[in-house]
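Asker:
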Amino acid sequence: MIDQSQNQKMISANDGASFGVGSSGETLYVQHFKNDEARFLGYYLEKLQGYSALKYAFGMTPAAVVDEMKKSNLRGRGGAGFPTGIKWGFINDKTPFPRYLVCNADESEPGTFKDRDIMRYTPHLLIEGMVIGGFAISANVGYIYIRGEYTREAKLLQEAIDEAYEKGYLGKNILGSGFDFDLTVHRGAGAYICGEETGLLNSLEGKRGEPRVKPPFPAQAGAFGKPTIVNNVETLANVPFIVNRGGDWFSKLGRLERSGGTRLISVSGHVKKPGVYEIPAGSMTVRQIIYDLCGGLLNDRKLKAVIPGGSSAPVLTADEIDVIYDIDPLMKINSMLGSAALMVVSDEYCVVKLIHRITKFYAHESCGQCTPCREGCHWMESIIERILHGKGREQDLALLSDIADNIGGKTLCALGDAAAGPVASFVKKFKPDFEAYIRGGKHA
Amino acid sequence: MPKCTIDGRQVEFQPGENLIEVAKKAGIEIPYFCYHPGLSIVAQCRMCTVEIEKNPKLQTACSTPAADGMVVLTNSEKAKKNQRSVMEFLLVNHPLDCPICDKAGECDLQDNSYKFGDAYMRTSEDRRTYMDLDMGPVIKKNMNRCIHCTRCIRFGAEVAGIREMVAIQRGNNTEITTIDGRPLETEYAGNYSDICPTGSLTLKGFRFKKRAWFLKKTATVCEGCSRGCNMEVQQEGNVIYRCIPRENKEINQWWMCDEGRFNYRYTMEKTRVTDPRVSTTDKGLAPCDWSSAISAARNLVQGKKTLILAGSDLTQEEIALLQAFAKQALGSAEIRHFGTPGVKTAQDDAAADKLLKRKSKTANLHGVERLGVQAFDGNTNGAQALLVVRGGRAVLPSLAHLGVTTVIGAGVYQASETKGFSAILPGAAFTEKDGTIVNFQGKEQKIRRAVLPPGKSKTLSEILALWTHQGQQPSTSSRTATTTATVTGGAV
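Read top to bottom, the protein sequences are chains A and B. So the first sequence is numbered by the numbering used here: it starts at 846 and just counts up by one. So the second sequence is numbered by the numbering used here: it starts at 423 and just counts up by one.
1. Bridge partners for A816 of chain B per DSSP, in chain order?
2. Could you work out which residues of chain B lie near K1255 of chain A, taking near to mean beta carbons separated by less than 7 Å?
3. Can you tell me where the alpha helix (DSSP H) holding Q745 of chain B begins and where it ends?
4. Is M1181 of chain A a contact residue of the ligand COA, with contact defined as CB to any heavy atom under 7 Å?
5. By the three-class DSSP mapping on this structure, what secondary structure does T572 of chain B have?
6. Could you spell out where the alpha helix (DSSP H) holding A1265 of chain A opens and where it closes?
7. Look up A925 of chain A in the DSSP assignment and give the residues it is bridged to.
8. Quick one: what's L1187 of chain A bridged to in DSSP?
9. Assign F1279 of chain A to one of two classes, buried (16 or more other C-beta atoms within 10 Å of its C-beta) or exposed (fewer than that).
10. Measure how close the beta-carbons of C1212 of chain A and I1038 of chain A come, nearest whole angstrom, since I'm counting them as under 8 Å.
11. At a CB distance below 7 Å, what residues from the stretch 558 to 576 of chain B approach chain A? Give them in sequence order.
12. Could you pull out every residue in the same chain whose Cβ sits closer than 6 Å to the Cβ of A1163 of chain A, ignoring the five residues on either side in sequence?
13. DSSP three-state label for E547 of chain B, please.
14. I'd like to know if P1217 of chain A contacts chain B, where contact means its C-beta is closer than 8 Å to some C-beta of that chain.
15. Which of helix, strand or coil does DSSP assign to Y457 of chain B?
16. Against chain B, which members of the stretch 1044 to 1077 of chain A pass a CB distance test of less than 7 Å?
17. Can you name the start and end residues of the beta strand (DSSP E) that S950 of chain A belongs to?
18. So K626 of chain B and V560 of chain B are supposed to be a Cβ contact under 8 Å. How far apart are they, rounded?
19. Let me know the secondary structure DSSP gives K781 of chain B once reduced to three states.
20. Would you check if the stretch 816 to 824 of chain B and the stretch 655 to 675 of chain B touch, i.e. whether three or more CB-CB distances between them fall below 8 Å?
21. Could you check how far apart the C-beta atoms of E434 of chain B and K446 of chain B are, in whole angstroms? I think they sit under 8 Å.
22. Check D1278 of chain A in the structure and name its three-state DSSP category.
23. So is V860 of chain B in contact with chain D if we call contact Cβ pairs under 8 Å?
24. Any residues in the stretch 1076 to 1098 of chain A with a beta carbon nearer than 7 Å to a beta carbon of chain B? Which ones, in chain order?
25. Rounded to whole angstroms, what is the Cα-Cα separation between E439 of chain B and R699 of chain B?
26. Alpha carbon to alpha carbon, how far is I931 of chain A from M914 of chain A?
27. Would S1156 of chain A be called buried (16 or more neighbouring beta carbons within 10 Å of its own) or exposed?
28. On a CA-only basis, which of A:V1190, A:Q1214, A:E1220 and A:I1166 is nearest T1204 of chain A? Give me that one, please.
29. Taking Cβ positions only, does W933 of chain A come closer than 8 Å to chain B?
30. So with CB distances below 8 Å, who are the chain A contacts of E547 of chain B?
31. Enumerated in chain order, which unbroken segments of the beta strand (DSSP E) with a length of 3 residues or greater are wholly contained in the stretch 701 to 727 of chain B?
32. So, do the stretch 552 to 559 of chain B and the stretch 533 to 542 of chain B have three or more beta carbon pairs nearer to each other than 8 Å?
33. I'd like to know if L461 of chain B contacts chain A, where contact means its C-beta is closer than 8 Å to some C-beta of that chain.
34. List the residues of chain B that E913 of chain A touches, going by C-beta distances under 7 Å, in chain order.
35. Below 8 Å on the Cβ atoms is my guess for D1247 of chain A versus I1283 of chain A; work out the distance and round it to an integer in Å.
36. According to the Cβ coordinates, are H1201 of chain A and E1230 of chain A closer than 8 Å?
This is the structure in structure tokens:
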């Protein structure tokens, strides 16, 4: 399944690449990253056949664009991995107008920073992807909801949008097609929960950033109560490639069934070369990413744990890293790919402190709407804090697992699962570390 | 009709009904906190989760419409474990102050804790606390007891039409409060207390006054305006402690306004005249017994042309009695109705706000007109004596400039209102009598006696019977058929 020779090629190719950017096989993005010229329209038109996909799409019917997306096997890059073509297909002839296309650029999952590079270096990919997306679902208005902390990216994105308006790639009657599309950058105020699509829509509408009850799903009633498609930055940035070169080509970039294209991964933690990498979807194992792509662990320490998909993904131990790094294989071992943010933890670091920090994050970011998440996340944090301070009890570990079980799958949105999964997996997989605090009176 | 199966029972339902309502019909209780039939559905307390066949995840019953052939389990192990866990989560931070909490005894949290919760707590962490906030004259807030169901927020925004309650902060620190901590502005604030599932929002006027389980409840109708909101009078020992709305989807749904809710207070004012009074030359209006008051009243109208002014807060029965009385005892005296300044006839009555309130501040304006009584237009037609009869809510017309010196008042009066009266025959307020009123939609509704008339007050039927028959030989008809003085105000 894995093409070993290509991996070898990739490593050598990576030698000359700028720090933190690597690849394996054909790459779509990383060759343009770290290049300050790449963000300008001129570069985009010349090096990336900019806006040619848009012209091509205007020659197709919206339904044909959606079909191409379905063929591409592109799965959402935000975390849930929902097939993008199917999502767009929810909007059909009978869907009422107006419709909206919203780009989720909140990128709030801890450990994830791939969308930031897209917006910094190839913002026009996102803009073109959104215009095509708007055309495919017949939406004339698009929003990019960008994380509040991304001040620089918001500015760069706005500059790119201004360029596109100037040259007629946005606005009225784009390229003489008769299709209008307006794009607005909306900055968030710094809440994790606004990365959840319905929380994002509430925030976009100026309401409190709280997830909504589903159904209705955004495709039925989203922004301002109208049919809305919400896609991740990387998902939308892939659209011009798919339209230009075909869904089949994109699908074959991936090495697994049902997972097409390349995948940007954010590697952080105790590795020698952290950063954003691009690999064909499903082409490498976690071990290969850590040791081959990222040069192994910092100070050549031993690997203690890997969080494979942003801090909400259940943790993997050092014995579990021979798993293919993609949605389905990780799901099979009860973890998840999430936003493809790999966090590597060496044996120098205390996993109890790590899970305390993660749980504190989710308790802090819980919106407070639903009971299990509001009460449970804080309760788990308090218990772990107590354990850290040498006041743990034998029954605390069973209690933690049970609380996590009572939260997981029972909350209004996925934040509950995001908080419960890590706790349950840490307690299960690193029990001795917790017991050291409880029995040995080890103090933080 | 489509059918679904809940806990093995087949239940018919209307398309669109959610599982909580459908289960209720079959007598199956699904516990909930944030759900309220009159508010939008947020599915955030997670208490109502049930297991649905072929669905791996538990689903919230409030947000799930019943579907034909759906098989629902409300008491499976999975569902029960979730109920236990939600109760535990809610109690992690809820103070254990039921013994001093006014909600105890009628508290959803308490009831559901007994029914669906665990007897043991596994938490040893400190409980979350908040600073309290003054929310104006109606509601007392105790944020420590709040379980963040957001019913109050939704009630304000969706029903009362004012976005004054909000959630601030987030997660464990979420606080339900008013915008900028301002006092409540809505005229429907009492409902906040009704819909609060815990003791977080309580009525200031009810706090520490009476435990809920001592209250005897009488289903009746509000006399505050021509809508006639259905409500319950709650009393103990002949003292009314509060009134709360009853559900009636066609009239007031689940709500009532503060004016109506606290209207009962005038019936218990110390200044209310509760003994018969007759004007004397030296002491003004002086208390006396019933027989001398009735004799005095009779003498006062003797040989004079009399006009009866009837408040449109009287019941249909009382108006009918008055009509018979006018014919038989007062030489076919005319009757004219009064009630709300600016609302002379039923044509003038209209909605006073977007929710419930009507312009007519008396409950039976439409009924009184149905009985053929015309509005008082300030013209006494040469009357030499006035008999003013009212329930207690109708606003007295200005009598001083009418040039009539003989004025007899029957009904409920505060002492300050009786200036210039020649005699007072104290009557029963709407909480002290039975009768029928007709609201602006033409709906006839019953008001019921919850408490006995205070002091020596009598119902109008008794007063008129005394007037007609006093001094005659006692007979079986010494009391009119509609007299209800022997009925005690029991629970309905």
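Even glycine gets a Cβ: it sits at the ideal position worked out from N, Cα and C.
Answerer: On the basis of the coordinates in this document:
1. Along the second sequence, read from residue 1 onward, the residue named residue 816 of chain B stands at position 394. Partner(s): none; A816 of chain B has no beta bridge.
2. Residue numbering aside, residue 1255 of chain A sits at position 410 when the first sequence is read from its first letter. Under the 7 Å cutoff, chain B gives R468, T471, L480 and N504.
3. Within the second sequence, numbered from 1, the residue matching residue 745 of chain B stands at position 323. Element bounds for Q745 of chain B: Q738 to A751.
4. With respect to the ligand COA, the structure offers nothing, as it holds no ligand at all.
5. Residue numbering aside, residue 572 of chain B sits at position 150 when the second sequence is read from its first letter. Coil.
6. Within the first sequence, numbered from 1, the residue matching residue 1265 of chain A stands at position 420. L1260 to K1274 is the extent of the alpha helix (DSSP H) around A1265 of chain A.
7. Reading the first sequence from its first residue, position 80 is the one you call residue 925 of chain A. DSSP lists no partner for A925 of chain A.
8. As a working mapping, residue 1187 of chain A is identified with position 342 in the first sequence. A:V1112.
9. The residue labelled residue 1279 of chain A in the question sits at position 434 within the first sequence. So F1279 of chain A counts as buried.
10. Here residue 1212 of chain A corresponds to residue number 367 of the first sequence, with the count starting at 1. Here residue 1038 of chain A corresponds to residue number 193 of the first sequence, with the count starting at 1. At roughly 5 Å, the Cβ-Cβ gap stays under 8 Å, so C1212 of chain A and I1038 of chain A are in contact.
11. H570
12. One-based indexing of the first sequence puts residue 1163 of chain A at position 318. Excluding residues within five positions, the ones whose Cβ falls inside 6 Å are L1148.
13. Taking the second sequence and counting its residues from 1, one reaches residue 547 of chain B at position 125. Note: E547 of chain B maps to coil in three-state DSSP.
14. Along the first sequence, one-based indexing puts residue 1217 of chain A at 372. Cβ-Cβ to chain B under 8 Å: yes for P1217 of chain A.
15. Start at 1 with the first residue of the second sequence, and residue 457 of chain B comes out as number 35. Reduced to three states, the DSSP call for Y457 of chain B is coil.
16. Here the close residues are R1053 and V1058.
17. Counting from one through the first sequence, the residue named residue 950 of chain A turns up at place 105. The residue asked about is misnamed: residue 950 of chain A is Ala in this sequence, not Ser. Looking at the DSSP string, the run of the beta strand (DSSP E) that includes A950 of chain A is Y945 to A950.
18. For the purposes of this step, residue 626 of chain B is taken as residue 204 along the second sequence, with counting starting at 1. For the purposes of this step, residue 560 of chain B is taken as residue 138 along the second sequence, with counting starting at 1. Right, their Cβ atoms sit about 6 Å apart.
19. Mapped onto the second sequence, residue 781 of chain B falls at position 359. The answer is coil: DSSP assigns K781 of chain B none of H, G, I, E or B.
20. no
21. As a working mapping, residue 434 of chain B is identified with position 12 in the second sequence. As a working mapping, residue 446 of chain B is identified with position 24 in the second sequence. The pair is not a contact, with the Cβ atoms about 13 Å apart (cut-off 8 Å).
22. For this step, residue 1278 of chain A is matched to residue 433 along the first sequence. In this structure, D1278 of chain A counts as helix in the three-state DSSP scheme.
23. In the displayed structure, chain D is absent; the protein chains listed are A and B.
24. none
25. The residue you call residue 439 of chain B lines up with position 17 of the second sequence. The residue you call residue 699 of chain B lines up with position 277 of the second sequence. Roughly 59 Å between the two C-alpha positions.
26. Working through the first sequence from its first residue, we reach residue 931 of chain A at position 86. Working through the first sequence from its first residue, we reach residue 914 of chain A at position 69. Answer to the nearest angstrom: the Cα atoms are 8 Å apart.
27. Sequence index remark: in the first sequence, residue 1156 of chain A carries index 311 (1-based). Result: buried.
28. For the purposes of this step, residue 1204 of chain A is identified with residue 359 of the first sequence, where counting begins at 1. Cα-wise, what sits closest to T1204 of chain A is A:E1220.
29. Residue mapping note: residue 933 of chain A aligns to position 88 of the first sequence, counting from 1. Answer no: the Cβ-Cβ gap between W933 of chain A and chain B never drops below 8 Å.
30. Indexing the second sequence from 1 puts residue 547 of chain B at position 125. Under the 8 Å cutoff, chain A gives W1224, S1227, I1228 and R1231.
31. As summarised for the stretch 701 to 727 of chain B, the continuous beta strand (DSSP E) elements at least 3 residues long and confined to that stretch are 706 to 709, given in chain order.
32. no
33. Within the second sequence, numbered from 1, the residue matching residue 461 of chain B stands at position 39. Closer than 8 Å: no.
34. Looking up residue 913 of chain A in the first sequence gives position 68. Listed along chain B is no residue with a C-beta nearer than 7 Å to that of E913 of chain A; the closest approach is about 33 Å.
35. If you number the first sequence from 1, residue 1247 of chain A lands on position 402. If you number the first sequence from 1, residue 1283 of chain A lands on position 438. Actually they do not touch by this definition, with Cβ atoms about 16 Å apart.
36. Walking along the first sequence from the start, residue 1201 of chain A turns up at place 356. Walking along the first sequence from the start, residue 1230 of chain A turns up at place 385. Yes, the pair counts as a contact, with Cβ atoms nearer than the cut-off.
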